[in-house]
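Asks: Got a structure for you, questions after.
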Amino acid sequence: NAGVTQTPKFQVLKTGQSMTLQCAQDMNHNSMYWYRQDPGMGLRLIYYSASEGTTDKGEVPNGYNVSRLNKREFSLRLESAAPSQTSVYFCASSELSQYSNQPQHFGDGTRLSIL
Amino acid sequence: AQKVTQAQTEISVVEKEDVTLDCVYETRDTTYYLFWYKQPPSGELVFLIRRNSFDEQNEISGRYSWNFQKSTSSFNFTITASQVVDSAVYFCALIKDTGRRALTFGSGTRLQVQP
Numbered sequence: 001n002a003g004v005t006q007t008p009k010f011q012v013l014k015t016g017q018s019m020t021l022q023c024a025q026d027m028n029h030n031s032m033y034w035y036r037q038d039p040g041m042g043l044r045l046i047y048y049s050a051s052e053g054t055t056d057k058g059e060v061p062n063g064y065n066v067s068r069l070n071k072r073e074f075s076l077r078l079e080s081a082a083p084s085q086t087s088v089y090f091c092a093s094s095e096l097s098q099y100s101n102q103p104q105h106f107g108d109g110t111r112l113s114i115l
Numbered sequence: 116a117q118k119v120t121q122a123q124t125e126i127s128v129v130e131k132e133d134v135t136l137d138c139v140y141e142t143r144d145t146t147y148y149l150f151w152y153k154q155p156p157s158g159e160l161v162f163l164i165r166r167n168s169f170d171e172q173n174e175i176s177g178r179y180s181w182n183f184q185k186s187t188s189s190f191n192f193t194i195t196a197s198q199v200v201d202s203a204v205y206f207c208a209l210i211k212d213t214g215r216r217a218l219t220f221g222s223g224t225r226l227q228v229q230p
């Protein structure tokens, strides 16, 4: 029962470097999400994908790009990392249907530090 | 816009005490869903409960209970006879039924249960 798998779990980058956070789910969910969690704050939505081939900006999209590669995978890219992007990143998925009360399932998170 | 407020930043109790975590929300939508998630020290997010806006019945699950009051826009969470393993950050979150179905999180309440 893998659920939502994120890689890597930890990463340290230098300012200006780029990297891609990977996320895959095996629950056949339509919707996938990227959130960031900063100290003292709840999770904030970076990007969202309602279905394969669609993406939409969330609350804090600046400095990020996403790709919904297929139904299973949703990646988050930092083109030029900045210290303000130091955070814990969570990927989530859910089944988007008339029953939108289905809970989102979260990965274990990626701890990213930008020096 | 929607908003979730968890005014209690941190609560400390002694084992076996009861504790209530407060959650107040704002939304213009008539149909919405409320959630509680637990984040233990290991960092993952664990789904606890969901409630839709039509259903104001309180719910009890073991030592956990939830009180949803639409009149006061509150969805409070009570742990009865707390245990050390309950120590975690608890997040209340809201999702609307239309448009972008992404969670809006509160800032979380850190619960410390002392032995």
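First to last, the sequence lines map onto chains A and B.
FYI, the numbering for the first sequence is 1 to 115, going by our numbering.
FYI, the numbering for the second sequence is 116 to 230, going by our numbering.
Even glycine gets a Cβ: it sits at the ideal position worked out from N, Cα and C.
#1: The beta strand (DSSP E) that contains B/K118, what's its start and end?
#2: I need the boundaries of the beta strand (DSSP E) containing B/S188, first residue and last residue.
#3: Using three-state DSSP, classify A/Q104 as helix, strand or coil.
#4: Residues of chain A with CB closer than 9 Å to the CB of B/F162, please, in chain order.
#5: Say whether chain A places a C-beta atom closer than 8 Å to the C-beta of B/E159.
#6: Quick one, which of A/T20, A/Q85, A/N65 and A/T15 has its alpha-carbon nearest A/Y48's?
#7: Using beta-carbon positions only, say whether A/G58 and A/L78 come within less than 8 Å of one another.
#8: What does A/L112 reach in chain B if we use C-beta pairs closer than 7 Å?
#9: Would you grab the beta carbon distance between B/F183 and A/P103 for me? Rounded to a whole angstrom, and I think it's under 8 Å.
#10: Evaluate B/R178 with the Cβ neighbour count: other Cβ atoms within 10 Å of its Cβ, from every protein chain shown; 16 or more gives buried, anything less gives exposed.
#11: Quick one: which chain E residues come within Cβ less than 9 Å of B/S222?
#12: Inspect the beta-carbon positions of B/Q117 and B/L136 and report whether they are closer than 8 Å.
#13: If I follow the unbroken beta strand (DSSP E) through A/C23, where does it start and stop?
#14: Specify whether the segment 72 to 91 of chain A and the segment 187 to 200 of chain B touch according to this definition: at least 3 beta carbon pairs, one from each stretch, less than 8 Å apart.
#15: At a CB distance below 9 Å, what residues from the segment 129 to 144 of chain B approach chain A? Give them in sequence order.
#16: Hey, how far is the Cα of A/I114 from the Cα of A/L76?
#17: What are the partner residues of A/T7, as DSSP defines its beta bridges?
#18: Is B/I210 buried or exposed, if buried means 16 or more other CB atoms sit within 10 Å of its CB?
Replies: Walking through what the data contain:
#1: K118 to T120
#2: It is not in any beta strand (DSSP E) - B/S188 carries neither H nor E in the DSSP assignment.
#3: coil
#4: P103, Q104, H105 and F106
#5: yes
#6: A/N65
#7: no
#8: Neighbours of A/L112 on chain B: none; closest Cβ ~13 Å, over 7 Å.
#9: That belief does not hold up - the Cβ atoms of B/F183 and A/P103 are roughly 16 Å apart, past 8 Å.
#10: exposed
#11: Of the protein chains in this structure, namely A and B, none is chain E.
#12: no
#13: M19 to Q25
#14: no
#15: none
#16: 16 Å
#17: A/Q22
#18: buried
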